[in-house]
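Q: The sequence shown maps to residues 585 to 773 in our numbering. First the structure, then my questions, so here it is.
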Amino acid sequence: VLRCLGIPTRVITNFNSAHDKNLNLSIDKYIDMSGNNLHLSEDSVWNFHVWNESWFIRRDLGSFYDGWQVLDATPQEKSKGIYQCGPASTRAIKEGDVNLDYDSPFVFAAVNADCVTWIRYSKKRKERIYSDTRKIGKFISTKAVGTNSRVDVTANYKYPEVKEISFKISYAQYKNSLMDDRKILVTAV
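And the structure:
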């Protein structure tokens, strides 16, 4: 419909799409001390979810948020009492501006929630035992213009994930590096 009105619109697919039911920006899983799932959270991760983006000028939010806006024609949760989602600025999603109207926190979680596992010792005591910050929001895609190729638009929604680099050095190398620092200190005096 928006294309018929002359508004640029495209379909977006998000793989490993979070469904953050309680809007705490994480997908929580609770287990007991034996490792059994306690089913205390309604959060879930879907294989994929599809929504639309349309290009709007955002006078209500300011020009910083102009551009592609998320509109979900099949929302699964109520927003302000009715089933609706958007228009949420993709710029707001990428920048983590989750305090804006139009379902920004829900869309942010869909592409960038942390998956957190908690061990529950009692009703009052729980402990986070695992957190996966990379699982959600993979291969966010749209169709290329004029071809059936996939265009990756993940960078419109989130910054690249930080990769942990593990390296090992021998004790001798570490000790030698300390000696080099000492030489610099002595030379400076």
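Glycine is no exception: its CB is placed at the ideal position from the N, C-alpha and C atoms. What you are looking at is a predicted structure, and each value in this text was computed from that prediction instead of being measured.
Classify N600 as helix, strand or coil using the three-state DSSP reduction.
A: Strand.
Q: Counting along the chain, where does the beta strand (DSSP E) carrying K722 start and finish?
A: Note, K722: beta strand (DSSP E), K722 to K727.
Q: Taking 7 Å as the cut-off, is the beta-carbon of V737 closer than that to any non-hydrogen atom of the ligand PLP?
A: No copy of the ligand PLP occurs in the structure displayed, which carries no ligand at all.
Q: Under 6 Å Cβ to Cβ from S715, same chain only, skipping five residues before and after it: list those, please.
A: Counting only Cβ-Cβ distances below 6 Å, and skipping sequence neighbours, we find D698 and V700.
Q: State the start and end residues of the unbroken alpha helix (DSSP H) segment that holds N732.
A: Where N732 is concerned, there is no enclosing alpha helix (DSSP H), given that its DSSP letter is neither H nor E.
Q: Could you pull out every residue in the same chain whose Cβ sits closer than 6 Å to the Cβ of V737, ignoring the five residues on either side in sequence?
A: Excluding positions up to five away in sequence, the list reads I724 and T726.
Q: Between the C-alpha atoms of A657 and N636, what's the straight-line distance to the nearest angstrom?
A: Each residue's Cα considered, the two are about 8 Å apart.
Q: In the DSSP output, what is Y667 paired with across the bridge?
A: For Y667, which the question treats as bridged, DSSP gives the partners K662.
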